[in-house]
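Reading through the structure tokens given below for one structure.
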Amino acid sequence: MERPSGPAAPRAQQLDPGPELHGKQRHRLSHLPPLICMLIATQPTGHPAARPAKDRAGVALMYHALSEPGRHPAGQDPEYTLLTRVFDRQLHRVRQIAGGGGSVRDWLLGLHAHPVLLTFDDGHISNRHLALGLLLRHGMTADFFINPANVGTPGFASWSELREMAQAGMSIQSHGERHIYLTDLSEAELRRSLRDSRERIEDEIGQSVTLLAPPGGRMPRNLAQTALECGFHHVLSSRPGALPAQPGTILPRLAVTASQAEDRFDQWIVGDAATLRRDRLRYAGLATLKRVMGNAPYEWARNRALSVLRGAP
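As numbered in UniProt numbering, residues 1 to 313 make up the sequence shown, in order.
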């Protein structure tokens with residue numbers, strides 16, 4: 001996977017505010033912090049020109065759950081739940097444009113050199129019953145980051161299902177013991193969550209667990225060092241960016257959402273520098289809001305803004 005070496009990327013374009021909000025939506029959003037509304041409601045605009053293959057930077061995509069049309073499975077955030085046909089189409093584009101995709105684990109081990117890495121967070125049951133079949137059909141693998149405390153509970157895959165996925169070539173990794181923001185834990189609680197989750201997954205799946213993805217992308221300042229001391233080799237963040245030629249402890253990822261524009265997805269999988277730069281700026285703004293507001297108030301405001309934009313009462 002080579003670093004971009006072509007001509008300088010075009011300058012970042014203005015953020016597109018998207019479709020004009022209806023009066024009721026505008027009124028409801030007016031009660032929320034304006035920066036949250038702006039950052040949630042906007043998407044970076046696309047621009048043409050996919051670069052030649054030799055100029056591509058590698059990227060890691062972050063998925064969560066899948067669903068069939070008209071179904072809304074429990075425990076799945078609608079913003080992070082893709083229709084199966086959309087995921088199928090995206091895998092086709094990955095194969096068509098990038099030549100294929102695979103898991104972070106296998107990439108780090110040198111088992112494939114695909115420029116697109118595929119990951120799933122949370123361990124929803126749709127990972128086993130919907131995502132697995134599509135991945136195998138396209139000849140791809142992925143990493144699935146799970147919380148042992150959620151395994152087998154309603155809406156989440158069981159240990160036997162996760163073992164089936166591992167036997168099919170998938171990578172089962174840690175999302176922490178429970179789905180709790182790691183920034184809300186004490187140092188002792190953090191270490192216990194990391195160690196317990198890694199040991200439980202290794203015992204149940206029978207494979208080494210070397211990768212950690214923190215829930216919600218919340219990363220304590222000392223997480224990289226703590227993760228290393230708890231037996232992990234790499235931390236998969238939620239910060240957008242291209243994968244480095246020489247992987248460090250923390251690796252960036254790109255969160256795929258239900259509102260993902262097709263042209264933006266294509267820009268991601270060719271490692272377009274301008275698109276990734278805009279995404280980093282937006283992420284930095286949201287990260288600042290999370291720190292200033294705190295996790296709970298930010299989540300309330302985010303969920304409210306998204307429900308208004310979806311037309312919910």
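Every residue gets a Cβ at the ideal spot worked out from N, C-alpha and C, and that includes glycine. Just so it is clear, the structure is predicted and the values come from calculations on it, not from any experiment.
Quiz item: Any idea which residues DSSP pairs Ser197 with across the strands?
Solution: Residue numbering aside, residue 197 sits at position 197 when the sequence shown is read from its first letter. Per DSSP, none; premise fails for Ser197.
Quiz prompt | Thr42 to Tyr80 span [Cα, whole Å] | solution = To locate residue 42, count along the sequence shown from 1; it is residue 42. To locate residue 80, count along the sequence shown from 1; it is residue 80. For Thr42, the predicted model reports a pLDDT of 46, less than 50, meaning its position is unreliable and no value from the coordinates is stated.
Quiz item: Alpha carbon to alpha carbon, how far is Met38 from Gly206?
Solution: As a working mapping, residue 38 is identified with position 38 in the sequence shown. As a working mapping, residue 206 is identified with position 206 in the sequence shown. Caution is warranted here: a pLDDT of 47 is assigned to Met38, below 50, making its placement in the model unreliable, and the coordinate value is therefore given only provisionally. Cα to Cα, Met38 sits roughly 45 Å from Gly206.
Exercise. Please go through the same chain and pick out, in chain order, the residues whose beta-carbon is closer than 7 Å to the beta-carbon of Tyr181, but skip the five residues on each side of it.
Key: Reading the sequence shown from its first residue, position 181 is the one you call residue 181. Correct list, in chain order: Pro215, Gly216, Arg218 and Asn295.
Quiz item: From what residue to what residue does the alpha helix (DSSP H) around Ala224 run?
Solution: Working through the sequence shown from its first residue, we reach residue 224 at position 224. Leu223 to Glu229 is the span of the alpha helix (DSSP H), which, as asked, contains Ala224.
Exercise. Determine the DSSP secondary structure at Ala142, reduced to helix, strand or coil.
Key: In the sequence shown, residue 142 corresponds to position 142, counting from 1. Ala142 carries a coil assignment under DSSP once its states are collapsed to helix, strand and coil.
Quiz item: Would the segment 156-172 and the segment 125-133 be scored as touching if the rule is three or more Cβ pairs under 8 Å?
Solution: yes
Practice problem: Would you grab the beta carbon distance between Ala227 and Val235 for me? Rounded to a whole angstrom, and I think it's under 8 Å. | Solution: Counting from 1 along the sequence shown, the entry for residue 227 is found at position 227. Counting from 1 along the sequence shown, the entry for residue 235 is found at position 235. 5 Å between Cβ atoms; contact.
Quiz prompt | Own chain residues within Cβ distance below 7 Å of Ala255, not counting five before or after | solution = The count along the sequence shown starts at 1 and reaches residue 255 at position 255. For Ala255, where only same-chain residues beyond five positions count, the Cβ hits under 7 Å are Met62 and Ser238.
Quiz item: With a Cβ-Cβ cutoff of 8 Å, do Gly231 and Arg198 count as a contact?
Solution: Within the sequence shown, residue 231 is the residue found at index 231, counting from 1. Within the sequence shown, residue 198 is the residue found at index 198, counting from 1. Contact: yes.
Quiz item: Can you tell me where the alpha helix (DSSP H) with Asp77 in it begins and where it stops?
Solution: Numbered from 1 along the sequence shown, position 77 holds the residue referred to as residue 77. It is not in any alpha helix (DSSP H) - Asp77 carries neither H nor E in the DSSP assignment.
Quiz prompt | Exposure label - residue 324; buried when at least 16 CB within 10 Å | solution = Residue numbering for the chain in the displayed model covers 1 to 313; residue 324 lies beyond these limits and cannot be assessed.
Quiz item: Residues in its own chain within less than 7 Å of Arg200 by CB, not counting five upstream and five downstream?
Solution: Here residue 200 corresponds to residue number 200 of the sequence shown, with the count starting at 1. The residues Pro148, in chain order, have a CB closer than 7 Å to that of Arg200 in the same chain once the five nearest residues on each side in sequence are set aside.
Quiz item: Should Arg221 be labelled buried (16 or more other beta-carbon atoms within 10 Å of its own) or exposed?
Solution: Sequence index remark: in the sequence shown, residue 221 carries index 221 (1-based). Exposed, by the Cβ-count rule.
Quiz prompt | Ser103 burial status per 10 Å Cβ neighbour count (16 or more: buried) | solution = For the purposes of this step, residue 103 is taken as the residue at position 103 of the sequence shown. Buried, since its Cβ has 16 or more Cβ neighbours within 10 Å.
Self-check item: Assigned secondary structure, Leu269 (DSSP; H/G/I helix, E/B strand, else coil)
Solution: Working through the sequence shown from its first residue, we reach residue 269 at position 269. The sequence as given places Ile at residue 269; Leu does not occur at that position. Reduced to three states, the DSSP call for Ile269 is helix.
Quiz item: Does the distance from the C-beta atom of His179 to that of Asp122 stay below 8 Å?
Solution: As a working mapping, residue 179 is identified with position 179 in the sequence shown. As a working mapping, residue 122 is identified with position 122 in the sequence shown. Cβ distance < 8 Å, so His179 and Asp122 count as in contact.
Self-check item: Best match in Gln90, Thr288 and Ala65 for proximity to Ala261 [C-alpha to C-alpha]
Solution: On the sequence shown, position 261 is the one that residue 261 refers to. Comparing Cα-Cα distances from Ala261 to each of Gln90, Thr288 and Ala65, the minimum goes to Gln90.
Practice problem: Please report how far the alpha carbon of Val270 lies from the alpha carbon of His64, in whole angstroms. | Solution: Sequence index remark: in the sequence shown, residue 270 carries index 270 (1-based). Sequence index remark: in the sequence shown, residue 64 carries index 64 (1-based). So the alpha carbons of these two residues sit roughly 22 Å apart.
Quiz item: Taking the C-alpha atoms as reference points, what is the distance between Ala98 and Val116?
Solution: As a position in the sequence shown, residue 98 is number 98, starting the count at 1. As a position in the sequence shown, residue 116 is number 116, starting the count at 1. Each residue's Cα considered, the two are about 7 Å apart.
Quiz item: From this set, Ala157, Gly139 and His138, which residue's C-alpha is nearest Ile125's C-alpha?
Solution: By 1-based counting over the sequence shown, the position of residue 125 is 125. Of the candidates Ala157, Gly139 and His138, the one whose C-alpha sits nearest the C-alpha of Ile125 is Ala157.
Exercise. Have a look at Phe265 and Ala274 and give me their C-alpha separation to the nearest angstrom.
Key: Walking along the sequence shown from the start, residue 265 turns up at place 265. Walking along the sequence shown from the start, residue 274 turns up at place 274. Approximately 13 Å, taken between the alpha carbons.
Exercise. Could I get the ranges of all uninterrupted beta strand (DSSP E) runs contained in the segment 144-199, with 3 residues as the minimum, in chain order?
Key: Contiguous beta strand (DSSP E) elements confined to the segment 144-199 occur at 171-174, taking only those with 3 or more residues.
Quiz prompt | Close Cβ partners of His233 (< 8 Å) along its chain, the five nearest in sequence each way excluded | solution = The residue labelled residue 233 in the question sits at position 233 within the sequence shown. The answer, listed in chain order, is Leu108, Thr210, Leu211 and Thr249.
Self-check item: Length of the line joining the Cα atoms of Arg105 and Gly70
Solution: As a working mapping, residue 105 is identified with position 105 in the sequence shown. As a working mapping, residue 70 is identified with position 70 in the sequence shown. Cα to Cα, the separation comes out at about 34 Å.
Self-check item: Cβ neighbour criterion (16 or more within 10 Å) applied to Ala60
Solution: Within the sequence shown, residue 60 is the residue found at index 60, counting from 1. When all chains shown are included, Ala60 counts as buried.
Quiz item: Which whole-angstrom value describes the C-beta separation of Pro78 and Ala258, a residue pair presumed to lie in contact below a C-beta threshold of 8 Å?
Solution: Position 78 of the sequence shown holds residue 78. Position 258 of the sequence shown holds residue 258. With 8 Å as the limit, Pro78 and Ala258 qualify as a contact, their Cβ atoms being about 6 Å apart.
Quiz item: What first and last residue would you give for the beta strand (DSSP E) that runs through Gly134?
Solution: The residue given as residue 134 occupies position 134 in the sequence shown. Note that residue 134 is Leu in the sequence shown, not Gly. Counting along the chain, Leu134 falls outside any beta strand (DSSP E), though it belongs to the alpha helix (DSSP H) covering Leu132 to Arg137.
Quiz item: Can you tell me where the beta strand (DSSP E) with His234 in it begins and where it stops?
Solution: Counting from one through the sequence shown, the residue named residue 234 turns up at place 234. First-last of the beta strand (DSSP E) with His234: His234 to Leu236.
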